[in-house]
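Undergrad:
In this note's numbering, the protein residues as written are -18 to 345.
(1) Pull up the CB-CB distance for residue 168 and residue 331, whole angstroms please, since I reckon it's below 8 Å.
(2) Please determine if the region 223 to 233 and the region 166 to 184 are in contact, where contact requires at least 3 C-beta pairs separated by less than 8 Å.
(3) With a 10 Å radius around its C-beta and 16 neighbouring C-beta atoms as the bar for buried, classify residue 200 as buried or exposed.
(4) Flag this pair as yes or no: are the beta carbons of residue 80 and residue 90 separated by less than 9 Å?
(5) When DSSP labels each residue in this structure, what does residue 56 get in the three-state scheme?
(6) Could you please give me the residues that DSSP links to residue 380 through a beta bridge?
(7) Around the C-beta of residue 16, are 16 or more other C-beta atoms found within 10 angstroms, so that it is buried, or is it exposed?
(8) Between the C-alpha atoms of residue 86 and residue 173, what's the straight-line distance to the nearest angstrom?
(9) Which residues share a DSSP beta bridge with residue 106?
(10) Report all residues from its chain with a CB closer than 6 Å to the CB of residue 55; omit the five preceding and five following residues, and keep chain order.
(11) Determine the direct distance from the alpha carbon of residue 118 to that of residue 165, and round the result to whole angstroms.
(12) Since residue 21 and residue 273 should fall inside the 8 Å C-beta cutoff, what is the C-beta to C-beta distance between them, to a whole number of angstroms?
(13) Since residue 343 sits in a beta bridge, which residues does DSSP pair it with?
(14) Am I right that residue 154 and residue 298 are in contact with their C-beta atoms under 8 Å? What's the rounded C-beta distance?
(15) Going by CA-CA distance only, name the one from 289, 216, 277 and 71 that's closest to residue 19.
(16) Among the residues of its own chain, which have a CB less than 6 Å from the CB of residue 57, if the five just before and after it don't count?
(17) Sort out for me which residues DSSP pairs residue 159 with in a bridge.
(18) Using C-beta distances below 7 Å, list every residue in its chain close to residue 5, excluding the 5 sequence neighbours before and after it, in chain order.
(19) Rounded to whole angstroms, what's the CA-CA distance from residue 312 to residue 140? Just pull it up for me.
(20) By how many angstroms is the C-alpha of residue 328 removed from the C-alpha of residue 157?
(21) Using the Cα positions of residue 24 and residue 67, report the straight-line distance between them to the nearest angstrom.
(22) With 16 as the cutoff for other CB atoms within 10 Å, does residue 293 come out buried or exposed?
(23) Which of helix, strand or coil does DSSP assign to residue 254?
(24) Which term fits residue 283, buried or exposed, when burial requires 16 or more other beta carbons within 10 angstroms of its beta carbon?
(25) Measure the Cβ-Cβ separation of residue 149 and residue 288 and say whether it is below 9 Å.
(26) Looking only at C-alpha atoms, which of 99, 130 and 8 sits nearest to residue 74?
(27) Spell out the partners DSSP gives residue 117 in its beta bridges.
(28) Closer than 6 Å by C-beta to residue -15: which residues in its own chain qualify, once you throw out the five before and the five after it? Chain order, please.
(29) Return the CA-CA distance between residue 162 and residue 152, expressed in angstroms with no decimal places.
(30) Look at residue 322 and residue 300 and say whether their C-beta atoms are less than 9 Å apart.
(31) Apart from the five residues just before and just after residue 335, which ones in its own chain have a Cβ nearer than 7 Å to its Cβ?
(32) In the DSSP assignment, what are the bridge partners of residue 197?
(33) Indicate whether at least one CB of chain B lies closer than 9 Å to the CB of residue 134.
(34) Indicate the three-state DSSP secondary structure (helix, strand or coil) for residue 232 in the structure shown.
(35) Quick one: what's got a C-beta closer than 7 Å to residue 215's C-beta in the same chain, skipping five residues either side?
(36) Under 9 Å, do residue 223 and residue 78 count as touching if we go by C-beta distance?
Take a look at the structure:
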């Protein structure tokens, strides 16, 4: 019964098909919150798109962002570029109210409503189990508030996985000396980190106890091979006010078919941020202040399959040096014997979006 009380938007919200946004104007999208729990706060400014616009979302830099406490004390965000603004940890008063103020390069100004700080209980556990029918690993979160005060929750996550290529590249080209030489960087093994894109919510408002049990936060398809060499997920939990929960619920209804807050917005789910000069101007986003609770787990189940590719090509020097193949080895162990080469997708892990730098949190 307790598990059923948690509202997981992906499975419990009825499908909703609102009219598309066809207005040629774009509107400001504000995504982020004030983290009062000793970690960096981050807000991203971007613009809405039409639902049929498949280009990457457009961010906005150059704005001035300030968080203002009700007593007038304020904290300025730093513009990090690409629409990202950060605020370092500070000694925030958790009993105070805060609002966000934005001034864009063109002079337009925006303010959020004042919000209280939502307290967030710790995550009790993050667990997982295989769903054989779906051929997937389901990852769950568990939490509770013994004071019965939180009631409304939101989660997101960052998943990181190790992957390897079918072939190892030991050679590369030196265009200065016009020679084929030993490669110094290992491009066979990479790690890739991906953020969550859908909206996960839970509520215990109809229960006598504030307990969340086995709410699914991620589904990892085994066929993706994310689980073969090593996988970790960092789950982040936030307490919400009732107003913030209602906003995220409405937003989830509209983005089920489009993805995330950064994707085209098909209906007018605005939030608590307003344009100062024009009350009719649409602004998308909800500013909140909360404690952030985090928990990381590693999964070492070797699920999936080792990568495979077609046999590599045999190349002479001119083909190897002037071509596009990723070079593997000397054909017979010596340069004059020729070279083995293959495509990036078979030998260069960077071609799949990852990095060869092992994350600091990786446990082996």
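In this text, a Cβ means the ideal position worked out from N, Cα and C, and glycines have one as well. Note that the coordinates shown come from a computational prediction; the quantities given were computed from them, not determined experimentally.
TA: On the basis of the coordinates in this document:
(1) Counting from one through the chain shown, the residue named residue 168 turns up at place 187. Counting from one through the chain shown, the residue named residue 331 turns up at place 350. Yes, residue 168 and residue 331 are in contact; Cβ-Cβ is about 6 Å, under 8 Å.
(2) Output reads yes: the region 166 to 184 touches the region 223 to 233.
(3) The residue you call residue 200 lines up with position 219 of the chain shown. It is exposed - the Cβ of residue 200 has fewer than 16 other Cβ atoms within 10 Å.
(4) Stepping through the chain shown from its first residue, residue 80 is reached at position 99. Stepping through the chain shown from its first residue, residue 90 is reached at position 109. In this structure, the beta-carbon distance from residue 80 to residue 90 does not fall below 9 Å.
(5) The count along the chain shown starts at 1 and reaches residue 56 at position 75. Strand at residue 56.
(6) Here the chain covers residues -18 to 345 and nothing more, so residue 380 does not appear.
(7) For the purposes of this step, residue 16 is taken as residue 35 along the chain shown, with counting starting at 1. Burial call: buried.
(8) To locate residue 86, count along the chain shown from 1; it is residue 105. To locate residue 173, count along the chain shown from 1; it is residue 192. The alpha-carbon atoms of residue 86 and residue 173 are separated by roughly 34 Å.
(9) For this step, residue 106 is matched to residue 125 along the chain shown. Note: residue 106 sits in a beta bridge opposite 123.
(10) Here residue 55 refers to the residue found at position 74 of the chain shown. So the qualifying residues of the chain are 47 and 49.
(11) Within the chain shown, the letter at position 184 stands for residue 165. Within the chain shown, the letter at position 137 stands for residue 118. Taken atom to atom, the span from the alpha-carbon of residue 165 to that of residue 118 is near 36 Å.
(12) Along the chain shown, read from residue 1 onward, the residue named residue 21 stands at position 40. Along the chain shown, read from residue 1 onward, the residue named residue 273 stands at position 292. Not a contact, Cβ separation roughly 10 Å.
(13) To locate residue 343, count along the chain shown from 1; it is residue 362. None; residue 343 has no bridge partner.
(14) On the chain shown, position 173 is the one that residue 154 refers to. On the chain shown, position 317 is the one that residue 298 refers to. Incorrect: roughly 11 Å between the Cβ atoms, too far for contact.
(15) Counted from its first residue, the chain shown places residue 19 at position 38. Ranked by Cα distance from residue 19, the options 289, 216, 277 and 71 are led by 71.
(16) Here residue 57 is taken as the residue at index 76 of the chain shown, counted from 1. Once the five neighbours on either side are set aside, the close Cβ partners of residue 57 are 47.
(17) For the purposes of this step, residue 159 is identified with residue 178 of the chain shown, where counting begins at 1. DSSP lists no partner for residue 159.
(18) Counted from its first residue, the chain shown places residue 5 at position 24. For residue 5, the pLDDT reaches just 48, beneath the cut-off of 50, and the residue's location in the model is therefore unreliable, although a value from the coordinates is still provided. There are no such residues.
(19) Translated into positions along the chain shown, residue 312 becomes position 331. Translated into positions along the chain shown, residue 140 becomes position 159. In this structure, the straight-line span from the alpha carbon of residue 312 to that of residue 140 is close to 39 Å.
(20) Sequence index remark: in the chain shown, residue 157 carries index 176 (1-based). Sequence index remark: in the chain shown, residue 328 carries index 347 (1-based). C-alpha separation (whole angstroms): 23 Å.
(21) Residue 24 sits at position 43 when you count from the first residue of the chain shown. Residue 67 sits at position 86 when you count from the first residue of the chain shown. Residue 67 has its alpha-carbon roughly 6 Å from the corresponding atom of residue 24.
(22) Looking up residue 293 in the chain shown gives position 312. By the Cβ-count criterion, residue 293 is buried, with 16 or more other Cβ atoms from all chains shown falling within 10 Å of its own Cβ.
(23) Start at 1 with the first residue of the chain shown, and residue 254 comes out as number 273. Residue 254 falls in the strand class under three-state DSSP.
(24) Here residue 283 refers to the residue found at position 302 of the chain shown. Residue environment for residue 283: exposed (fewer than 16 other C-beta atoms within 10 angstroms of its C-beta).
(25) Walking along the chain shown from the start, residue 149 turns up at place 168. Walking along the chain shown from the start, residue 288 turns up at place 307. Against a cut-off of 9 Å, the Cβ pair of residue 288 and residue 149 comes out as no contact.
(26) For the purposes of this step, residue 74 is taken as residue 93 along the chain shown, with counting starting at 1. Cα-wise, what sits closest to residue 74 is 99.
(27) Taking the first residue of the chain shown as 1, we reach residue 117 at position 136. In DSSP, residue 117 forms a bridge with 112 and 202.
(28) Your numbering for residue -15 matches position 4 in the chain shown. Any reading at residue -15 needs caution, since the residue's pLDDT is 34, under 50, leaving its predicted position unreliable; the model's value is listed next. Counting only Cβ-Cβ distances below 6 Å, and skipping sequence neighbours, we find nothing.
(29) Mapped onto the chain shown, residue 162 falls at position 181. Mapped onto the chain shown, residue 152 falls at position 171. The alpha-carbon atoms of residue 162 and residue 152 are separated by roughly 6 Å.
(30) Translated into the one-based positions of the chain shown, residue 322 becomes position 341. Translated into the one-based positions of the chain shown, residue 300 becomes position 319. Cβ distance < 9 Å, so residue 322 and residue 300 count as in contact.
(31) By 1-based counting over the chain shown, the position of residue 335 is 354. These residues qualify, in order along the chain: 144, 171, 172 and 173.
(32) Locating residue 197 in the chain shown gives position 216, counting from the first residue. Assignment of beta-bridge partners to residue 197 by DSSP yields 121.
(33) Among the protein chains of the structure shown there is no chain B, as only one such chain exists.
(34) Translated into the one-based positions of the chain shown, residue 232 becomes position 251. Assigned with DSSP and collapsed to three states, residue 232 falls in helix.
(35) Here residue 215 is taken as the residue at index 234 of the chain shown, counted from 1. Non-local beta-carbon contacts of residue 215 in its own chain, meaning distances under 7 Å to residues more than five positions away in sequence, involve 138, 139, 275 and 277 in chain order.
(36) Stepping through the chain shown from its first residue, residue 223 is reached at position 242. Stepping through the chain shown from its first residue, residue 78 is reached at position 97. Their beta carbons are not under 9 Å apart, which means residue 223 does not touch residue 78 by this criterion.
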